[in-house]
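Numbering (the UniProt record's numbering), first residue to last: 1 to 370. C-beta atoms are modelled at their ideal positions from N, C-alpha and C, and glycine is treated no differently. Scroll down for the structure; my scribbles are underneath it.
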């Protein structure tokens, strides 16, 4: 009988004291136990190292490396070099894995040994409450190798890599794409190796102000647009991409207008593609529009968002309530801002009623009741 594959769980840690015990405990309580945890403390200044050492002493599956701060990319690559497993699973120090996460993903690779890597769906944890996640319909519309040119196809902490398929020369994070290193890696891998999305929620993804995503949002967006631009140039779908890249540097009427025109021109080129690939590229371009819409909306200047929606002719692609809020954005931006704020308050109330307290959900999973 073939031995169950060893899974190396790669856990980078930097000042994760409030959440680390829950994250590490959720991995050690997996119903798949042939695993090793490679926890790298990247120069934390809080009590993260003490927490890691406590778990290391209690469980010999945990190894701890502690050193000066080198950043996330260097930490991830160090962990990949140390990993002994046939499968390498990513985990973040502020998330919580459901007990069956690894067993479900290992079973997938046993059914599809040719698979290079996979991701999974997540539930989200915000303000102490858990919202059930759903598979994004885009995954039913397009090929992953094409979609990966437009956005980060998988949530990073859900990913498992197959070392039997992906060689060391390909499995690395590029420091030139800091804060979007996962996007860059996934686009490179998806173009060469089979990938799939498990339509199951295997992880609770925590949203909080101290997360890498929140702290480095602007740089992440700039790098994201750079990666998309490189992909479009490589595919011959754009000859010059400054109009797309520049909005990542500064949001103004000029950059919004040029980015909107870029989207329209891209859609025209995509419309001429063969029927076999066109839907995937259309889905990717639509995702790019939503990325720009969020980027511009975050500036809290309704005239800019109004400009983007008008020049792209995409008013009907946003929620009706947002349309009503943004329509007066040019002549009465104060009214738009007030309407947007009211909408956010309504969303917060709706979120409360459709979510569950995190403590109750996680306690049930930990006791094996669900």
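Cβ-Cβ separation, residue j to residue i (assumed contact under 8 Å), whole Å
i: residue 232; j: residue 266; result: 7 Å
i: residue 154; j: residue 197; result: 7 Å
i: residue 261; j: residue 314; result: That belief does not hold up - the Cβ atoms of residue 261 and residue 314 are roughly 13 Å apart, past 8 Å.
i: residue 292; j: residue 308; result: 7 Å
i: residue 138; j: residue 283; result: 5 Å
i: residue 374; j: residue 158; result: Residue 374 lies beyond the residue range present for the chain, which begins at 1 and ends at 370; the question has no answer from this structure.
i: residue 55; j: residue 102; result: Wrong, their Cβ atoms sit about 17 Å apart, outside the cutoff.
i: residue 188; j: residue 169; result: No, residue 188 and residue 169 are not in contact; Cβ-Cβ is about 11 Å, not under 8 Å.
i: residue 207; j: residue 125; result: 7 Å
Spatial distance of residue i from residue j (CA atoms)
i: residue 35; j: residue 61; result: 7 Å
i: residue 348; j: residue 136; result: 21 Å
i: residue 279; j: residue 250; result: 31 Å
i: residue 340; j: residue 258; result: 25 Å
i: residue 117; j: residue 337; result: 43 Å
i: residue 217; j: residue 7; result: 31 Å
i: residue 27; j: residue 106; result: 14 Å
i: residue 381; j: residue 59; result: Limits of the chain in this structure are 1 at one end and 370 at the other, which puts residue 381 out of reach.
i: residue 201; j: residue 133; result: 7 Å
i: residue 68; j: residue 74; result: 11 Å
i: residue 379; j: residue 209; result: No answer is possible for residue 379: it lies beyond the span of the chain, which begins at 1 and ends at 370.
i: residue 290; j: residue 352; result: 25 Å
i: residue 331; j: residue 306; result: 11 Å
i: residue 51; j: residue 150; result: 38 Å
i: residue 166; j: residue 193; result: 8 Å
i: residue 354; j: residue 130; result: 9 Å
i: residue 350; j: residue 46; result: 36 Å
i: residue 110; j: residue 185; result: 23 Å
i: residue 342; j: residue 303; result: 18 Å
i: residue 191; j: residue 346; result: 41 Å
i: residue 272; j: residue 264; result: 13 Å
i: residue 79; j: residue 326; result: 46 Å
i: residue 363; j: residue 64; result: 27 Å
i: residue 240; j: residue 172; result: 28 Å
i: residue 234; j: residue 114; result: 27 Å
i: residue 104; j: residue 329; result: 48 Å
i: residue 32; j: residue 98; result: 11 Å
i: residue 248; j: residue 288; result: 13 Å
i: residue 225; j: residue 70; result: 25 Å
i: residue 42; j: residue 356; result: 33 Å
i: residue 246; j: residue 140; result: 31 Å
Buried or exposed (CB count within 10 angstroms, at least 16 for buried), residue i
i: residue 30; result: buried
i: residue 48; result: buried
i: residue 255; result: buried
i: residue 204; result: buried
i: residue 161; result: buried
i: residue 361; result: buried
i: residue 301; result: buried
i: residue 276; result: exposed
i: residue 324; result: exposed
i: residue 127; result: exposed
i: residue 174; result: exposed
i: residue 317; result: exposed
i: residue 57; result: exposed
i: residue 238; result: buried
i: residue 320; result: exposed
i: residue 222; result: buried
i: residue 180; result: buried
Identity of the residue in the options nearest residue i by Cα
i: residue 20; options: 91, 194 and 76; result: 91
i: residue 244; options: 190, 360 and 230; result: 230
i: residue 268; options: 227, 174, 355 and 236; result: 236
i: residue 10; options: 144, 362 and 156; result: 156
i: residue 270; options: 96, 140 and 146; result: 146
i: residue 164; options: 128, 72, 355 and 84; result: 84
i: residue 81; options: 299, 318, 38 and 97; result: 38
i: residue 12; options: 33, 77 and 335; result: 77
i: residue 371; options: 86, 40 and 98; result: Any answer about residue 371 is impossible in this case: the structure gives the chain only from 1 up to 370.
i: residue 15; options: 33, 53 and 93; result: 93
i: residue 4; options: 108, 99 and 65; result: 108
i: residue 177; options: 144, 228 and 207; result: 228
i: residue 281; options: 100, 142, 43 and 66; result: 142
i: residue 95; options: 148, 22 and 104; result: 22
i: residue 252; options: 319, 288, 298 and 223; result: 298
i: residue 344; options: 242, 223, 322 and 112; result: 322
Below-8 Å beta-carbon distance, residue i vs any chain B residue
i: residue 258; result: Within the model displayed, chain B is absent; a lone protein chain is all it includes.
May I ask you to verify whether the segment 178-198 touches the segment 116-135, counting CB pairs closer than 8 Å and requiring at least 3?
yes
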